[in-house]
Each structure stands twice: as structure tokens, then as C-alpha cells.
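J.: Here you go, one structure.
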Amino acid sequence: MKFFIDTANLEQISQAEAMGILDGVTTNPSLMAKEGIKGSKAIEQHYIDICNIVDGDVSAEVLADSYEEIIEEGKGLAALHKQIVVKVPCTANGIRAIKSFTDMGIRTNCTLVFSLGQALLAAKAGATYVSPFVGRLDDVSSNGIELVSRIVNVYRYYGYQTQVLAASIRSVQHIIQCLEVGADVVTSPLSSIMALLDHPLTEKGLAIFNKAAKELA
Ligand code: G3P
1 MKFFIDTANL EQISQAEAMG ILDGVTTNPS LMAKEGIKGS KAIEQHYIDI CNIVDGDVSA
61 EVLADSYEEI IEEGKGLAAL HKQIVVKVPC TANGIRAIKS FTDMGIRTNC TLVFSLGQAL
121 LAAKAGATYV SPFVGRLDDV SSNGIELVSR IVNVYRYYGY QTQVLAASIR SVQHIIQCLE
181 VGADVVTSPL SSIMALLDHP LTEKGLAIFN KAAKELA
């Protein structure tokens, strides 16, 4: 399973990259706005900066709504760097644009996916990735992990090549559950990735070993 980090923060991306376990980055308009980036030139440079930190796919989301504008914006994003994957919301215009991008050889990430039906359309359009939002489904008393599992199983049954990129991850448990149901990728905040390391028995065992190491000195 690939690990992406869900942030536009260059410091957090660098920290995750330094651990040697990072396979890519996903961003969205909220995460970009959080970094205080303003204007198209600054946005484009920020994506290039991210691509220069991580050796993997970087999802850059279109801001446009109409088919024509999504195509124009997405082509511009894809031209920034070979690692850029154009992120497109799962709407009628978005699915139509993803199919056009597929025909152009531009890789895409179909985002804001909350149902198996939406995931089916993303795969039919040839999306490189589909992003079911686990946490936001849980937030409304639905079952995000169950959706990931259903998408994985349907894609495998029909042989769709679209990769299941589990997003909106809220906890270590989400990461583990995505691992168990066969998600191709999990994108999560750095805090959830780092929390995978935490176990009280590891800390307790290390304290014992460190004490013994002093006796060996
Ligand atoms: O970036 C897409 C997704 O990961 C957003 O997550 O936490 O805003 O629901 P969140």
C-alpha cells in the first residue's frame, strides 16, 4: 500500500519524505488556502516546490466548475511537472473532463467520492485514482471503510485499473482498516502517519534496553 501525505505544508511534506516512507502528496483547495498561497503564479510555484520535495505523484485540484475551464486549468497543472496528477471533483463536468484527460494521457484523481456509483463512473472515465472520503462519511454516521472495501472488490471483479486512494483519514485505525481492505493508497495527515509508530510496549522495552546499555558501558 502506498502512503501519501494530505497537506500542502512544505515542512510536513519534507518531514514525511525524510522518513523514507512517503510515496506521494495530495492537496485540495482548503489545504492550499491554509498555507496562505494567493494567485495563480504562487499556486503553480507551490505545486512545483512540492514536486521537488517528494519523488511521487502530487495531486493538484482544479478550481474551475465548467467542462471547458476544467480542461484548460487541468492541462496547465499537468504541464507544471511530470509528477502532477490533476484532481477533479466527481461531478458531471468532472467525469467528462476526466475522460478527456484520459484520452490526452493526463493522469487524474477523481475526488469528493462518497458512493460506489461515483467510483464506478470514475473508473469508467479512466481516472488514475479515485478518492473516497472515509472520515467525512463517518462524520455523517455512514461507514467510510465499508465504501473503500466495496470499491476495491468491485474494481478487482471488473478489472478496473483505477487505484483506490483512501482519503479524509482521521486516525491510525483508519489507516490500518484501509490496509486490511486492500486500498491501493492512503493519504493522511502527518500526525496519523507518525502515530503508527506509537506503542507503549515499544517505549517500555526501549527504556529497559537503554538501562541495560548503561550497565554495559
Ligand atoms: O484532501 C482530500 C481529503 O483527504 C480531505 O480530508 O480531512 O478535509 O475530510 P478532510
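In terms of our numbering, the sequence shown opens at residue 1 and continues consecutively.
Every residue gets a Cβ at the ideal spot worked out from N, C-alpha and C, and that includes glycine.
#1: Leaving aside the five residues before and after L63 along the sequence, list all residues of the same chain whose C-beta is less than 8 Å from its C-beta, in chain order.
#2: May I have the straight-line CA-CA distance separating I50 from L22, to the nearest angstrom?
#3: For K34, collect the residues of the same chain with a Cβ closer than 8 Å to its Cβ; drop the 5 residues on either side in sequence, then sort them by chain order.
#4: In whole angstroms, give me the CA-to-CA distance for Y258 and A60.
#5: Below 8 Å on the Cβ atoms is my contact criterion, and I expect T128 with T162 to pass it. Report the Cβ-Cβ distance as a whole number of Å.
#6: Apart from the five residues on each side of it in sequence, which residues of its chain come closer than 7 Å, Cβ to Cβ, to R96?
#7: Taking a contact to mean a Cβ-Cβ separation below 8 Å, would you say I193 touches I5 in this structure?
#8: Is T202 buried or exposed, if buried means 16 or more other CB atoms sit within 10 Å of its CB?
#9: Do the CB positions of V134 and A167 come within less than 8 Å of each other?
#10: Starting from C178 and walking both ways along the beta strand (DSSP E), at which residues does that stretch end?
#11: So who's on the other strand from T108, going by DSSP bridges?
#12: Taking three-plus beta-carbon pairs below 8 Å as touching, is the segment 179-195 in contact with the segment 143-160?
#13: Using three-state DSSP, classify E225 as helix, strand or coil.
T.: Short version:
#1: P29, E73
#2: 12 Å
#3: Setting aside the 5 residues that flank it on each side, K34 is surrounded in the same chain by A8, N9, each with a C-beta closer than 8 Å to its C-beta; the list follows chain order.
#4: Because the chain spans 1 through 217 in this model, residue 258 falls outside it and cannot be assessed.
#5: 7 Å
#6: Y67
#7: Yes, the pair counts as a contact, with Cβ atoms nearer than the cut-off.
#8: exposed
#9: yes
#10: Element bounds for C178: not the beta strand (DSSP E) but the alpha helix (DSSP H), 172-181.
#11: V86
#12: yes
#13: This structure cannot settle anything about residue 225, because the visible part of the chain is limited to 1 through 217.
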